[in-house]
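*Asks:* Before anything else, here's the structure in question.
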Amino acid sequence: MSGPYEGLRSSEVAQAAGVNPQTLRYYERRGLLAEPERTLGGHRLYPAEAVTVLRVIKTAQRLGFTLEEVADLLETGTHQHGRRDAGLLERARLKLIEVEERIADLEIIRATLREAIDAGCDDLIACAGQPCCPLPFADLAHPDRPTQRDQE
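As numbered in numbering that gives the first Met the number 0, residues 0 to 151 make up the sequence shown, in order.
Rendered as structure tokens:
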């Protein structure tokens, strides 16, 4: 910043980035966002780039990165001095594997819930004792009995 009163106030940055002002302070404490300059009256003044940083953080979170992972990516990127590879490519590949594993788990959960609905499971205890129960705990109640999934 070139002057003592140039920059955006917390509310302006928060609104532009689609976050609340408490998020700014939290990200500052976590080291994700540089502590801003202050006016003589103590108001925070952020550079315009803070909006971009916040949007990057929120987008990375939506892609499944934790705040710790985002902080590491941001720190790695600032230490690369313009290098093209700041670690994102490899981390994105790893995150994609993680997401694909979660999707596979969710597909199994969806199929099991559909089977439970189709089987009319309305009481967990009663259903667990029925041979047609598709829920995973049926294997625990009767480990020697094949489940509906085993018969397909």
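Beta carbons are placed, not taken as given, at the ideal position from N, Cα and C, and that holds for glycine.
Because the structure is a prediction, the values reported are computed rather than measured.
Tell me the rounded alpha-carbon separation between Ser-10 and Tyr-45.
*Replies:* C-alpha separation (whole angstroms): 10 Å.
*Asks:* Let me confirm a value: Arg-92 is counted as buried when at least 16 other C-beta atoms fall within 10 Å, else exposed. Which label applies?
*Replies:* Classification for Arg-92: exposed.
*Asks:* Consult DSSP for Glu-34 and reduce its assignment to one of helix, strand or coil.
*Replies:* Coil.
*Asks:* Hey, would you say Ala-59 sits closer than 9 Å to Arg-29, going by beta carbons?
*Replies:* Taking 9 Å as the Cβ cut-off, Ala-59 and Arg-29 do not qualify as a contacting pair.
*Asks:* Could you tell me which residues DSSP pairs with Arg-90 in its beta bridges?
*Replies:* None; Arg-90 has no bridge partner.
*Asks:* Determine the direct distance from the alpha carbon of Leu-112 to that of Gln-129, and round the result to whole angstroms.
*Replies:* Distance between the alpha carbons of Gln-129 and Leu-112 is about 16 Å.
*Asks:* What are the start and end residues of the alpha helix (DSSP H) that includes Leu-39?
*Replies:* No alpha helix (DSSP H) contains Leu-39, which DSSP labels as neither H nor E.
*Asks:* What does the alpha-carbon distance come out to for the pair Leu-31 and Ala-125?
*Replies:* For Leu-31 and Ala-125, the distance between alpha carbons rounds to 51 Å.
*Asks:* Using CA atoms only, rank isn't needed, just tell me which of Asp-104, Arg-101 and Arg-8 is closest to Glu-34.
*Replies:* Measuring from the Cα of Glu-34, the nearest candidate turns out to be Arg-8.
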